[in-house]
Amino acid sequence: MRRFLCFFLVLSLLCIHPAGQAATYTRVEDTAVALMDITFTCGCTRTGAGTMIAVNGLITAGHNLLCHTHNKTLKTCTFYFGYAKPNDWYYKYNGSFRYAYYCNFSSGYSSKDDIGYVVFPSNVGNNTGWYASTVQDDYGLSWEYTNISGYKNNRKTNDWNQITVVDSKQVKWPQSSSFQGSCDGGPLYWFYEGLEYPQVIGVYTSSDGSMGYGRRLTNQIFSDMRADGIKFN
Ligand SMILES: [Zn+2]
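Numbering follows the numbering used here, in which position 13 of the sequence shown is assigned residue number 14; successive positions increment by one, without gaps.
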């Protein structure tokens with residue numbers, strides 16, 4: 002699948018804003034996840050979630066970067082890292098950035114390539130922290146309990162469940178009512194004793210009511226991110 006790389010610029014005198022008025026969340030598990038306040042060139046708006054996985058790189062669902070109804074790209078996006086409620090977040094970014102996505106919704110929505118990433122021109126991660134990340138093979142994924150995070154009704158929402166492999170790109174798990182809807186783009190991750198940082202293996206993409214779906218990170222995505230200037234350790 003081709004990726005589509007875009008450039009995005011906000012006319013803002015202040016490209017980087019200081020931390021929010023308060024900071025409810027202080028753990029990397031929370032501060033490295035952003036609520037994304039999104040508008041598209043078609044006029045649609047939405048909120049989603051994205052996760053820092055490098056000092057200058059974030060992953061999210063593709064449909065937070067490309068409108069899944071009209072196949073149109075971003076117009077504006079503000080990132081509220083560690084968002085808790087209005088006027089309560091850990092770090093806000095509304096400057097310029099580059100982004101790329103793997104999806105194409107010209108034939109309708111599919112979760113299969115519903116993933117993309119953001120390249121920040123500055124080291125946003127020095128303020129927010131970032132998750133570890135990995136490509137996990139099928140054997141390591143099947144029936145593993147996995148955490149998911151997102152923003153439902155603009156409130157941080159977490160869940161965990163056993164995921165199963167759909168194919169080389171997708172996973173699914175039984176959906177709980179607490180996580181249905183509006184959590185799109187947040188991390189699928191593990192955080193257990195012995196791990197210094199949460200380790201993300203993909204992004205939450207969608208649900209069809211009873212099942213949730215996620216898009217896995219792949220070697221191709223890491224290769225593309227590096228080529229686009231994302232600095233992994
Ligand atoms: Zn639209």
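For glycine and all other residues, C-beta sits at the position ideal for the given N, C-alpha and C.
- The DSSP-derived three-state label of Asp-160 is strand.
- Relative to ligand 1, Lys-73 has its C-beta within less than 7 Å of a heavy atom.
- Here the stretch 117 to 133 lies against the stretch 49 to 68, with 3 or more beta-carbon pairs under 8 Å apart.
- When the beta-carbon positions are compared, Asn-128 and Tyr-81 stay at least 8 Å from each other.
- Bridge pairing for Tyr-146: Gln-163 [DSSP].
- When the Cα atoms are used, Gly-141 and Thr-135 turn out to be separated by approximately 11 Å.
- Under DSSP, the beta-bridge partners assigned to Pro-175 are Met-212.
- Rounded to the nearest whole angstrom, the CA to CA distance from Gln-171 to Ser-179 is 21 Å.
- The beta carbon of Ile-39 sits closer than 7 Å to those of Thr-46, Arg-47, Thr-48, Gly-49, Asn-65, Leu-75, Cys-78, all from its chain and outside the five residues before and after it, given in chain order.
- DSSP lists Val-204 as the beta-bridge partner residues of Pro-188.
- The stretch 83 to 143 contains, as complete alpha helix (DSSP H) runs of 4+ residues, the segments 126 to 129, 139 to 142 (chain order).
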